[in-house]
Amino acid sequence: MTKRKKRTILALIGFFITGGIAFLGGYQVMLAPNVQKDGFLYIPTGSTYQQVKDSLIKNDFLRNPRFFDIWQRQKSYQNLVRPGRYELRKGMNNRELVTILRSGKQTPTRLTFNNIRTLDQFASRVSDVLEMDSASLMDAILDPDFLERNGLTRYNVKAIFIPNTYDMWWNIAPSQFVERMRTEHERFWNEDRRRRATARNLTPIEVAILASIIQAETNRVSEMPTMASVYLNRLRRGMLLQADPTVKFAVGDFTLRRILHAHLRYESPFNTYIHRGLPPGPVNFPSPTSLDAVLNSPSTNYLFFCARADFSGYHVFATTHAEHVRNARLYWAELNRRGIR
């Protein structure tokens, strides 16, 4: 074999060895497990690649940040950063990690809300779970075009947000969130529920208003339908509803345990002691249970109810004012005995 042939063979061997090393190195960069724990990566809207990388490092997701950096450059991820909430699994390699981030295949987050009274509280709750801030959400909820388009007001718009658990994209825009809630509201109000509302001479919004009062009156689900029948009877007769929760909402003090005459005279469209009919909007965010309690209300002759003097949380119902006064005196006497002012 000539020296020239030997040099050629050695050069080829060196080429294949170098290529093999490069291949194995690329294989290691691509397929070696690099995510070292389970968790969620949050990428805010407008983030750069450097911010994503910093977040991965700060939250201790990467075993080898350099390998991730090498692979993302090959896939041009730095030009395709997508916001969202991404589920990362321990043992993911760089190819899997970059693929999921590039694709924008985020994992929905679960939003649950209940026991909320005001729009401010609602916006705060949502902003605790989703990317949006509460001020932007309030602007979207009270947007004049949205309200007009859907026949709503700033007072009754709460009725379209039905407490439940919803799967949401973490980075959903405020306006999209509001539209999603409106869609969920329409889904809840199926043909059967609308039929039952009509049978009680109520619109879905009016059902929500009445349900909010009942929800504030009692947490005893079993008596909610009967309580609804009382208010429906009063509405039919043109009587004042005289619902204490509307007074608490009007004065802005939900901690009141005893409604005084000064509270009853407080001027507000929500005060049903001085204004007939339903208030202009819900006094809280009524749950599906409360809404269905109104729709399932029985036919009764009751016109009054009062909290039981045993403080059990239940109420005693009455058909006449004289009977109601006797019940109320027992309750007030117990308030005095317990020193509740």
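The numbering used here puts the first residue of the sequence shown at 616, with every later residue one more than the last.
Note that CB positions come from ideal geometry on N, CA and C, so glycine has one too.
Asked: CB-CB under 7 Å to LEU906, same chain, minus the five flanking residues each way: which ones, in chain order?; Found: VAL822, ALA823 and ALA826
Asked: DSSP on ASP868, reduced to helix/strand/coil?; Found: coil
Asked: Could you tell me the alpha carbon to alpha carbon distance between ARG944 and ALA924, rounded to whole angstroms?; Found: 9 Å
Asked: Shortest alpha-carbon distance to VAL845 belongs to which of ASN779, GLY853 and THR915?; Found: THR915
Asked: Can you name the residues that DSSP bridges to LEU726?; Found: TYR781
Asked: Starting from LEU945, trace the alpha helix (DSSP H) in both directions and tell me its first and last residue.; Found: 936-952
Asked: So, at 7 Å on beta carbons, what are the nonlocal neighbours of SER883 in its own chain, with the 5 sequence-adjacent residues on each side left out?; Found: ALA865
Asked: Tell me whether LEU639 sits in a helix, a strand or coil according to DSSP, three-state version.; Found: Residue confidence for LEU639 is low, a pLDDT of 38 falling below 50, so the modelled location carries little weight and cannot support an answer.
Asked: What residues are listed by DSSP as bridge partners for ARG700?; Found: TYR657
Asked: Roughly how many angstroms lie between the CA atoms of ARG810 and PRO897, to the nearest whole one?; Found: 21 Å
Asked: Taking the straight line between their C-alpha atoms, what separation do you get for GLY954 and GLY867?; Found: 23 Å
Asked: Identify which residue in LEU757, LEU817 and PHE761 has its Cα closest to the Cα of GLY892.; Found: LEU817
Asked: Does PHE676 come out as helix, strand or coil in the three-state DSSP assignment?; Found: coil
Asked: Suppose contacts are defined by Cβ-Cβ distances below 9 Å. Is VAL650 in contact with ARG678 by that definition?; Found: yes
Asked: Run the CB neighbour count on LYS773, radius 10 Å, all protein chains shown included, and call it buried at 16 or more, exposed below.; Found: buried
Asked: Are the Cβ atoms of LEU703 and LEU656 separated by less than 9 Å?; Found: yes
Asked: So, for THR800: in the same chain, excluding its five sequence neighbours on each side, which residues have a beta-carbon less than 7 Å away from its beta-carbon?; Found: The sequence shown places His at residue 800, not Thr. Same-chain partners within the cutoff: ILE775 and ILE777.
Asked: Using the C-alpha atoms, what's the distance from THR733 back to PRO659?; Found: 27 Å
Asked: Have a look at the DSSP bridge pairing and note the partners of PRO648.; Found: ASN708
Asked: Determine, using beta carbons only, whether ALA908 and PHE919 come nearer to each other than 9 Å.; Found: no
Asked: Rounded to whole angstroms, what's the CA-CA distance from THR904 to VAL836? Just pull it up for me.; Found: 8 Å
Asked: Select from LEU671, VAL667, ARG717 and GLY699 the residue whose C-alpha is nearest the C-alpha of SER691.; Found: ARG717
Asked: Span of the alpha helix (DSSP H) holding ALA814?; Found: 806-814
Asked: Using the C-alpha atoms, what's the distance from PHE885 back to PHE792?; Found: 28 Å
Asked: Out of LEU671, PRO860, ASN911 and TRP785, which one is the CA nearest neighbour of ALA843?; Found: ASN911
Asked: HIS890 by DSSP, collapsed to three states: which one?; Found: coil
Asked: I need the boundaries of the alpha helix (DSSP H) containing PHE792, first residue and last residue.; Found: 789-803
Asked: What residue range does the beta strand (DSSP E) around ALA877 cover?; Found: It is not in any beta strand (DSSP E) - ALA877 instead sits in the alpha helix (DSSP H) that spans 876-879.
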